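**Q**
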Amino acid sequence: MDYEKMLDRAYDKMPSVVFEKKRFEVPFTQVSIEGNKTIFKNFKEIIDYIGRDPAHFLKFVGREMGAAWRKDGSRLVFVGKFGAPAINQRIVKYVKLYVTCPVCEKPDTKLTKVERILVMKCMACGAVSSVPQ
Ligand SMILES: [Zn+2]
Numbered sequence: 792m793d794y795e796k797m798l799d800r801a802y803d804k805m806p807s808v809v810f811e812k813k814r815f816e817v818p819f820t821q822v823s824i825e826g827n828k829t830i831f832k833n834f835k836e837i838i839d840y841i842g843r844d845p846a847h848f849l850k851f852v853g854r855e856m857g858a859a860w861r862k863d864g865s866r867l868v869f870v871g872k873f874g875a876p877a878i879n880q881r882i883v884k885y886v887k888l889y890v891t892c893p894v895c896e897k898p899d900t901k902l903t904k905v906e907r908i909l910v911m912k913c914m915a916c917g918a919v920s921s922v923p924q
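For the sequence shown, my numbering begins at 792 and goes up steadily by one.
1) What separation, rounded to the nearest whole angstrom, lies between the Cα atoms of residue 918 and residue 892?
2) Can you list, in chain order, the residues of its chain whose CB lies under 8 Å from that of residue 916, leaving out five sequence neighbours each side?
3) How about residue 841 and residue 890: do their beta carbons lie closer than 7 Å?
4) Should residue 817 and residue 886 be called a contact, given that it needs their Cβ atoms to be closer than 7 Å?
5) Use the C-beta contact count for residue 819: other C-beta atoms within 10 angstroms, 16 or more gives buried, fewer gives exposed.
6) Would you report the Cα separation of residue 909 and residue 864, rounded to the nearest angstrom?
7) If you run the structure through DSSP and keep just helix, strand and coil, what is residue 890?
8) Go to residue 836, then tell me how far its alpha helix (DSSP H) extends in each direction, as first and last residue.
Spelled out as structure tokens, the structure:
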């Protein structure tokens with residue numbers, strides 16, 4: 792059986808209600824400044840919401856901001872002072888690139904590797920899209 796048929800069959804078995812999720816809204820970034828550090832207060836909430844690998848997410852956001860980050864217990868800390876909108880802007884960009892499907896715009900996707908290349912696979916429409924490596 793070829794892959795396409797396998798996918799079709801898998802989708803046939805899923806109730807359509809699976810795809811009717813409530814509106815996807817990533818929580819807005821919350822930060823507090825402590826000295827020369829920025830505490831990313833709701834990091835866990837956001838990472839849980841978007842369902843991506845924290846390391847991948849942080850690598851992108853840190854690079855976009857030109858900021859080093861580290862874990863401080865359960866907290867996530869950026870070195871330097873950053874406002875919530877500045878961080879949030881990068882998160883929105885990450886979500887656009889790595890979370891929402893460019894075909895159907897649904898967030899029901901996952902990142903997976905195909906022959907060592909990272910791709911986004913959409914669970915809602917079945918599209919496989921390329922993402923920045
Ligand atoms: Zn899709």
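Where is the CB? At the ideal position from N, CA and C, for every residue including glycine.
Owing to the predicted nature of the structure, the values given are computational and were not obtained by experimental measurement.
**A** By the coordinates alone:
1) As a position in the sequence shown, residue 918 is number 127, starting the count at 1. As a position in the sequence shown, residue 892 is number 101, starting the count at 1. Computed Cα separation, rounded: 8 Å.
2) Position 125 of the sequence shown holds residue 916. Answer for residue 916: 892, 894, 895 and 897, listed in chain order.
3) If you number the sequence shown from 1, residue 841 lands on position 50. If you number the sequence shown from 1, residue 890 lands on position 99. Yes.
4) The residue you call residue 817 lines up with position 26 of the sequence shown. The residue you call residue 886 lines up with position 95 of the sequence shown. Cβ distance < 7 Å, so residue 817 and residue 886 count as in contact.
5) Looking up residue 819 in the sequence shown gives position 28. Exposed, because fewer than 16 other Cβ atoms sit within 10 Å of the Cβ of residue 819.
6) As a first step, residue 909 is located in the sequence shown; it is residue number 118 there, counting from the start. As a first step, residue 864 is located in the sequence shown; it is residue number 73 there, counting from the start. In a straight line, the C-alpha of residue 909 is about 30 Å away from that of residue 864.
7) Indexing the sequence shown from 1 puts residue 890 at position 99. Of the three classes helix, strand and coil, the one that applies to residue 890 here is coil, per DSSP.
8) The count along the sequence shown starts at 1 and reaches residue 836 at position 45. First-last of the alpha helix (DSSP H) with residue 836: 834-841.
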